[in-house]
Amino acid sequence: MPRIFLQWLSLVAIIWLQSINGTNSNFPAYSSQLKHLLSISQIQLNNLAFASDAGKLFGWLSGSAANYLPMWLVLILGSSLGLIGYGVQYLFLTGRVSNLSYGAIFFLAMLAGNSICWINTVCYLVIIRNFPLDSQLAIGLTGSYQGLSAKIYTDIVDVVYPCSKVERARAYLFFSSVLPLTVSVIVAPVVRVINAVKTKREEVAFILILIITTVTGAFAIMGSTGSASSLLSPFTGAVGMVALLLAPLTIPLGLGLGHQIGKLAGEKIHIEETNSVSMDKTESGVTLDISDIISEGPSESFELSFSYTSEKMNGDQLSESSTSGDKLSATNEIISVMEEIGVKVMLRRLNFWLYFFVYLFGVTLGLVFFNNLGQIAESRGRSASSLVSLSSSFGFFGRLIPSIVDYFVSRRKYMISRPAFVVALMVPTGAAFFLLLVKENTALWLYICTTTIGVCTGAITSISVSLTTELFGTKNFGVNHNVLVVNIPVGSFLFGYLAAIVYRKEVNAEGKCFGMECYRNTFILWGTLCFIGTFLALILYARTRKFYNSQRSQGNKS
Numbered sequence: 011m012p013r014i015f016l017q018w019l020s021l022v023a024i025i026w027l028q029s030i031n032g033t034n035s036n037f038p039a040y041s042s043q044l045k046h047l048l049s050i051s052q053i054q055l056n057n058l059a060f061a062s063d064a065g066k067l068f069g070w071l072s073g074s075a076a077n078y079l080p081m082w083l084v085l086i087l088g089s090s091l092g093l094i095g096y097g098v099q100y101l102f103l104t105g106r107v108s109n110l111s112y113g114a115i116f117f118l119a120m121l122a123g124n125s126i127c128w129i130n131t132v133c134y135l136v137i138i139r140n141f142p143l144d145s146q147l148a149i150g151l152t153g154s155y156q157g158l159s160a161k162i163y164t165d166i167v168d169v170v171y172p173c174s175k176v177e178r179a180r181a182y183l184f185f186s187s188v189l190p191l192t193v194s195v196i197v198a199p200v201v202r203v204i205n206a207v208k209t210k211r212e213e214v215a216f217i218l219i220l221i222i223t224t225v226t227g228a229f230a231i232m233g234s235t236g237s238a239s240s241l242l243s244p245f246t247g248a249v250g251m252v253a254l255l256l257a258p259l260t261i262p263l264g265l266g267l268g269h270q271i272g273k274l275a276g277e278k279i280h281i282e283e284t285n286s287v288s289m290d291k292t293e294s295g296v297t298l299d300i301s302d303i304i305s306e307g308p309s310e311s312f313e314l315s316f317s318y319t320s321e322k323m324n325g326d327q328l329s330e331s332s333t334s335g336d337k338l339s340a341t342n343e344i345i346s347v348m349e350e351i352g353v354k355v356m357l358r359r360l361n362f363w364l365y366f367f368v369y370l371f372g373v374t375l376g377l378v379f380f381n382n383l384g385q386i387a388e389s390r391g392r393s394a395s396s397l398v399s400l401s402s403s404f405g406f407f408g409r410l411i412p413s414i415v416d417y418f419v420s421r422r423k424y425m426i427s428r429p430a431f432v433v434a435l436m437v438p439t440g441a442a443f444f445l446l447l448v449k450e451n452t453a454l455w456l457y458i459c460t461t462t463i464g465v466c467t468g469a470i471t472s473i474s475v476s477l478t479t480e481l482f483g484t485k486n487f488g489v490n491h492n493v494l495v496v497n498i499p500v501g502s503f504l505f506g507y508l509a510a511i512v513y514r515k516e517v518n519a520e521g522k523c524f525g526m527e528c529y530r531n532t533f534i535l536w537g538t539l540c541f542i543g544t545f546l547a548l549i550l551y552a553r554t555r556k557f558y559n560s561q562r563s564q565g566n567k568s
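With the numbering used here applied, the sequence shown corresponds to residues 11 to 568, in that order.
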């Protein structure tokens, strides 16, 4: 098969993987029901949310495994962990497995959370190696689909169990266990590193992917808002989402078809040129042996013509001279890194700890907010499912924003400062936590702030992959980035536990809390910490400004 076809097919496969890999985002949709079924306190429920994030404490294992095992095996191992983690919980809720202790459920939730790291590691490594010139663009495009996971699972559950809360809670766990493994088995043969020639970016292909991705996000938002969602039946929404997920498959099919057409055209020209040479020799009285025809190479002018055609149509059958020139161009276009270091050296760098706490007070706080969204919605008399679906849809666009910005900025040979981008996103996130304290139009502000936090958290998550690469290199990315996201379980436990304590002080006799006071002090704390993270991001920006300025200078010269 053509390399360009396999290269883009791997990107489509990763889109499908990411779209079903955000299983931890389903927790708020069934957390209230889980709390009721297990008869546990808010603190115990928060510990289960922490357990899912705690799986990331061992995320570095997936990075180490990827250094020694083939990508398809790492992928299957990771999705199998999710099958066990979510599957046994599902069997417990349906009564098919009994006598599970709270500690066993905690371990299963942690195992399920760890499975996400394995799939993410495969996705990131394949994208970085298959699209070295466009890694930020490709990572943002594929990673944005993980923001749609909650929406996709909600659409499926709405079709299967539209009414029963108990059955819906079970369905979320069932599909969270089965879908990742099913999709992993389907795409495993194509999720691998392709030794593609580093040619200039396929701009048309990326533009088409951007258009498809944007339409998918718009459709998801339309299905998440009350007035628009009423126009679509659950079945129509699910079918539409599946169709949009299949749409990117047209890109590799089109590129592969173009490759074959170009190859056939080149072979036809070569045959005609060979026939012309043989006729000229025959007419001049030269005896021609069949071996002479086979060994006869094309003329110099034809070689240049075919080289040009091959570069433009095929992309992976370049002549020696054009290939070496293309590699030089690729080397100049690949984003440089500040230093190439391993995890031991990284932990001794001040930049790492600044980055660690920026992520802790930004992305992790946002994730803790979403983990508690079920109780936050309940305390204000709103539907948890609609808020989860809305946050998922806007998180999708948040992850996509850095890709769009990077695409248009890089065309002008300009390199944007990732820390500066993070600063710009941290400010509205902190403001959103304080706006949740507004007592007038509380429902409106809840929706506005949820979407704001979803967009900003998603964007920073997307940026962080490229930022880790630029700060600490690509060689040990699998381990380095998984060490960074260790702050997610740490923050999930600390911030979630504090929120649970505040919530417990306001509960009624039934163990529930209603009103603004349930999370008032929690939002004040989260907003303050987010602004502290903004200040730390400013320091990181100042420390890395020289590096990004040098990259801009090189881009302007080229």
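For each residue, glycine too, the CB sits at the ideal point set by N, CA and C.
Span of the alpha helix (DSSP H) around residue i
| i | result |
| --- | --- |
| Leu373 | The residue asked about is misnamed: residue 373 is Val in this sequence, not Leu. No alpha helix (DSSP H) contains Val373, which DSSP labels as neither H nor E. |
| Tyr78 | Note, Tyr78: premise wrong, no alpha helix (DSSP H); not H, not E. |
| Phe524 | Here Phe524 belongs to no alpha helix (DSSP H), and DSSP marks it neither H nor E. |
| Asp144 | No alpha helix (DSSP H) holds Asp144; DSSP gives it neither H nor E. |
| Ser389 | Leu383 to Ser389 |
| Phe431 | Arg428 to Leu445 |
| Gly506 | Asn497 to Lys515 |
| Leu242 | Where Leu242 is concerned, there is no enclosing alpha helix (DSSP H), given that its DSSP letter is neither H nor E. |
| Pro258 | Pro258 -> no alpha helix (DSSP H), and no H or E assigned at all. |
| Asn9 | This structure cannot settle anything about residue 9, because the visible part of the chain is limited to 11 through 568. |
| Ile473 | Thr452 to Phe482 |
| Phe15 | Arg13 to Ser29 |
| Ser62 | Gln52 to Ala64 |
| Met356 | Val353 to Met356 |
Cβ neighbours of residue i in the same chain (closer than 6 Å, five flanking residues each side left out)
| i | result |
| --- | --- |
| Asn486 | Gly352 |
| Phe503 | Phe60 |
| Pro412 | Gly150, Ala469, Ser472 and Ile473 |
| Asp168 | Pro244 |
| Ser72 | Cys127, Trp128 and Thr131 |
| Gly372 | Met436, Ile470 and Gly543 |
| Val415 | none |
| Thr226 | Leu254 |
Beta-carbon contacts of residue i that lie in its chain and below 8 Å, excluding the five residues immediately before and after
| i | result |
| --- | --- |
| Arg392 | Ala453 and Leu456 |
Contacting residues, own chain, Cβ-Cβ under 7 Å from residue i (five flanking each side not counted)
| i | result |
| --- | --- |
| Ile30 | Ser159, Ile162, Leu189, Pro190 and Val193 |
| Ile549 | Leu364 |
| Leu121 | Gly65, Leu91, Ile94 and Gly95 |
| Ala547 | Val368, Pro429, Val432, Val433 and Met436 |
| Ile386 | Tyr529 |
| Lys556 | none |
| Gln28 | Cys133, Thr152, Gly153, Tyr155 and Gln156 |
| Lys459 | Per the sequence shown, the amino acid found at residue 459 is Cys instead of Lys. Ala442, Leu445 and Leu446. |
| Leu481 | Met348, Asn361 and Tyr365 |
| Ile24 | Cys133, Val136, Ile137, Thr152 and Val201 |
| Gly537 | Gly440, Phe443 and Phe444 |
| Ala148 | Leu21, Ile137 and Phe141 |
| Phe15 | Pro262, Leu265, Gly266 and His269 |
Any chain C beta carbon closer than 8 Å to residue i
| i | result |
| --- | --- |
| Lys485 | No chain C is present in this structure, which holds just one protein chain. |
Three or more beta-carbon pairs under 8 Å between the segment 92 to 102 and the segment 136 to 152, yes or no? In short, these stretches do not touch, since the Cβ pair count stays below three.
Three or more C-beta pairs under 8 Å: does that hold for the segment 84 to 92 against the segment 494 to 509? Here the segment 84 to 92 makes no contact with the segment 494 to 509; the two share fewer than three CB pairs at distances below 8 Å.
My parser needs the alpha helix (DSSP H) runs of 4 or more residues fully inside the segment 131 to 202; what are they? Correct list: 145 to 154, 159 to 170 and 175 to 197.
Say whether the segment 199 to 206 touches the segment 15 to 30, bearing in mind that this needs 3 or more beta-carbon pairs closer than 8 Å, one atom from each stretch. With a cut-off of 8 Å, the segment 15 to 30 and the segment 199 to 206 count as touching, because enough Cβ pairs lie within range.
Is the segment 32 to 51 touching the segment 171 to 190, taking contact as three or more C-beta pairs under 8 Å? Judged by Cβ distances under 8 Å, the segment 32 to 51 makes contact with the segment 171 to 190, as three or more pairs qualify.
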